[in-house]
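First the structure, in the form of structure tokens, and then the observations on it.
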Amino acid sequence: MKSIKTLIKKPLRPIINKLPPKLTNNLPIGLPDKSLQWSIGIYVGKSLFDLSSANLQKNPVLTRQDVSDVRAGFVADPFMLQVEHTWYMFFEVFNSRTCKGEIGLATSQNTVNWQYRQIVLAEPFHLSYPYVFQWMNEYYMIPETYQANSVKLYKASKFPAQWTFVGNILTGSVFLDASIFRYADKWWLFTETNPEHRWDTLRLYYADDLLGPWIEHPNSPIVSGNAHIARPAGRVLVMKDTIIRYTQDCDPEYGIQVRAFEIDDLSPTTYHEREISQNPILEPSNTGWNGSGMHHIDPHLVDDGHWIACVDGRIR
1454 MKSIKTLIKK PLRPIINKLP PKLTNNLPIG LPDKSLQWSI GIYVGKSLFD LSSANLQKNP
1514 VLTRQDVSDV RAGFVADPFM LQVEHTWYMF FEVFNSRTCK GEIGLATSQN TVNWQYRQIV
1574 LAEPFHLSYP YVFQWMNEYY MIPETYQANS VKLYKASKFP AQWTFVGNIL TGSVFLDASI
1634 FRYADKWWLF TETNPEHRWD TLRLYYADDL LGPWIEHPNS PIVSGNAHIA RPAGRVLVMK
1694 DTIIRYTQDC DPEYGIQVRA FEIDDLSPTT YHEREISQNP ILEPSNTGWN GSGMHHIDPH
1754 LVDDGHWIAC VDGRIR
């Protein structure tokens, strides 16, 4: 028998497009190639470099089937924040109708069970990698906006569902997965910039203020010609004098596994890092929801001294 996808011809597409997204997202309609079938999970552990599924954790915690307001091809690139007793997760929802990424929101009280809420940010261009952070009692987001040839800063006008464009941080090039952090009274930002999408060039910028002016570091590009360790893979962690950056391994293909590097010297004139001995810290399981790839992590230290992280995986 022919597959459902084969039977659904173009004349039926207008009818399908009128169906509720919650229905179509539970059917094999508009599924991307398996290389793009991502979903989101939760990992925990006592060590930042030894994380895995908890015994009581059923992964994935979010899939395209949870999305209720747009036709979704996949969900990926999760970032989360805890505000009082609620966890807020922001992530890419690939809109199958527009073929562009949008930013979705889910919430949880315990990080085990997640409730999809809604799309909170959509633009005429592709959005992904919604790097959310708090600064001076305000919430900000830097989503990937490479189709707009810029790095854009958004601010929550009403957290968590309403976001307003503030200004451009960088312009004039392709900037992938911009990852910002605060260290030594300055802002720092990693981003991958190869215009041919080889994912092998990592640049570093710094500024005194969020909107700049931003200055490229004299050692930038930090990585050149190495797709194993260039493209950012999640939140940069700053723990006193320890800085950890994550990178996705994109060789021989996109989004295979995640590596970590400790930055042990960072100033406006110097940069040095070393690879963590436990690498890769995330890798595919060869079966199920994360069987063929993992390319993102956002870890958080919780009250009992354990780490909890939102991750994503690609089905095999």
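Offset between the sequence shown (1-based) and our numbering: plus 1453.
Just so you know, even glycine gets a beta-carbon here, dropped at the ideal spot from N, CA and C.
Point to revise | Alpha-carbon spacing of residue 1610 relative to residue 1739, whole angstroms | key: One C-alpha to the other measures close to 42 angstroms.
Review point. Just how far apart, CA to CA, sit residue 1702 and residue 1736?
Key: Near 10 angstroms, if we compare the C-alpha coordinates of residue 1736 and residue 1702.
Exercise for review: Determine, using beta carbons only, whether residue 1497 and residue 1504 come nearer to each other than 9 angstroms.
Suggested key: Taking a C-beta distance under 9 angstroms as the contact criterion, residue 1497 and residue 1504 qualify as a contact pair.
**Study point:** 8 angstroms contact criterion, which residue 1493 and residue 1529 should meet: CB distance rounded
**Key:** The Cβ separation is near 7 angstroms, so the contact holds.
Check your understanding: Distance, Cα to Cα, residue 1690 vs residue 1749?
Key -> Residue 1749 has its alpha-carbon roughly 14 angstroms from the corresponding atom of residue 1690.
Practice item. Work out the CA separation of residue 1643 and residue 1733 for me, nearest whole Å. Key: If you take the alpha carbons of residue 1733 and residue 1643, they lie about 20 angstroms apart.
Review point. Taking the alpha carbon of residue 1645 as the point to measure from, which residue in 1478, 1526, 1682, 1527 has its own alpha carbon closest?
Key: Residue 1682 is the option with its Cα nearest to residue 1645.
Practice item. Tell me residue 1548's beta-bridge partners as DSSP assigns them. Key: Answer is 1525, 1553, bridged to residue 1548.
Practice item. State the Cα-Cα distance for the pair residue 1531 and residue 1722, rounded to the nearest angstrom. Key: Answer to the nearest angstrom: the Cα atoms are 32 angstroms apart.
Check your understanding: From 1499, 1675, 1547, pick the residue whose C-alpha is nearest to that of residue 1657; which is it?
Key -> Closest option to residue 1657, judged by alpha-carbon separation, among 1499, 1675, 1547: 1675.
Point to revise | Residues sharing a beta bridge with residue 1498, DSSP | key: For residue 1498, which the question treats as bridged, DSSP gives the partners 1760.
Check your understanding: Is residue 1688 helix, strand or coil by DSSP?
Key -> Correct three-state label for residue 1688: coil.
**Study point:** Local conformation of residue 1698 per DSSP, three classes
**Key:** Of the three classes helix, strand and coil, the one that applies to residue 1698 here is strand, per DSSP.
Practice item. Determine the direct distance from the alpha carbon of residue 1671 to that of residue 1570, and round the result to whole angstroms. Key: For residue 1570 and residue 1671, the distance between alpha carbons rounds to 43 angstroms.
Practice item. Can you say whether residue 1538 is buried or exposed, counting buried as having 16 or more other CB atoms within 10 angstroms of its CB? Key: It counts as exposed.
Practice item. Within 10 angstroms of the Cβ of residue 1754, are there 16 or more other Cβ atoms? Answer buried if so, exposed if not. Key: The residue is exposed, with fewer than 16 neighbouring Cβ atoms inside 10 Å.
Point to revise | Short Cβ contact (9 angstroms threshold) for residue 1607 with residue 1558 | key: It is not a contact, given that the beta carbons lie outside the stated cut-off.
**Study point:** Endpoints, beta strand (DSSP E) assigned at residue 1562
**Key:** From DSSP, residue 1562 is part of no beta strand (DSSP E); its letter is neither H nor E.
Review point. Under the DSSP definition of a beta bridge, which residues are partnered with residue 1582?
Key: Note: residue 1582 sits in no beta bridge, so no partner.
Practice item. Closer than 8 angstroms by C-beta to residue 1614: which residues in its own chain qualify, once you throw out the five before and the five after it? Chain order, please. Key: Scanning its chain for C-beta atoms nearer than 8 angstroms, with the 5 sequence neighbours on each side dropped, one finds around residue 1614 the residues 1558, 1570, 1571, 1573, in chain order.
Review point. Curious, which full-length beta strand (DSSP E) runs of at least 3 residues does the stretch 1611-1640 contain?
Key: Counting only runs of 3 or more, we get 1615-1624, 1629-1636.
Check your understanding: Shortest alpha-carbon distance to residue 1694 belongs to which of 1604, 1561, 1765, 1636?
Key -> Comparing C-alpha distances from residue 1694 to each of 1604, 1561, 1765, 1636 shows the shortest one belongs to 1636.
**Study point:** Reference residue 1654, options 1534, 1639, 1499, 1629, closest by Cα
**Key:** Out of 1534, 1639, 1499, 1629, 1629 has the C-alpha closest to the C-alpha of residue 1654.
Exercise for review: List the whole-angstrom C-beta distance separating residue 1516 from residue 1540, where the pair is believed to meet the contact cut-off of C-beta under 8 angstroms.
Suggested key: Contact doesn't hold; Cβ gap of about 18 angstroms is too wide.
Practice item. Assign residue 1540 to one of three DSSP states: helix, strand, or coil. Key: Three-state result, residue 1540: strand.
Check your understanding: What did DSSP end up calling residue 1596 once you bin it into helix, strand or coil?
Key -> Residue 1596: strand per DSSP, three-state reduction.
Practice item. Use the C-beta contact count for residue 1766: other C-beta atoms within 10 angstroms, 16 or more gives buried, fewer gives exposed. Key: It counts as buried.
Point to revise | Coil, strand or helix - residue 1601 by DSSP | key: In the three-state DSSP reduction, residue 1601 falls in the helix class (H, G or I).
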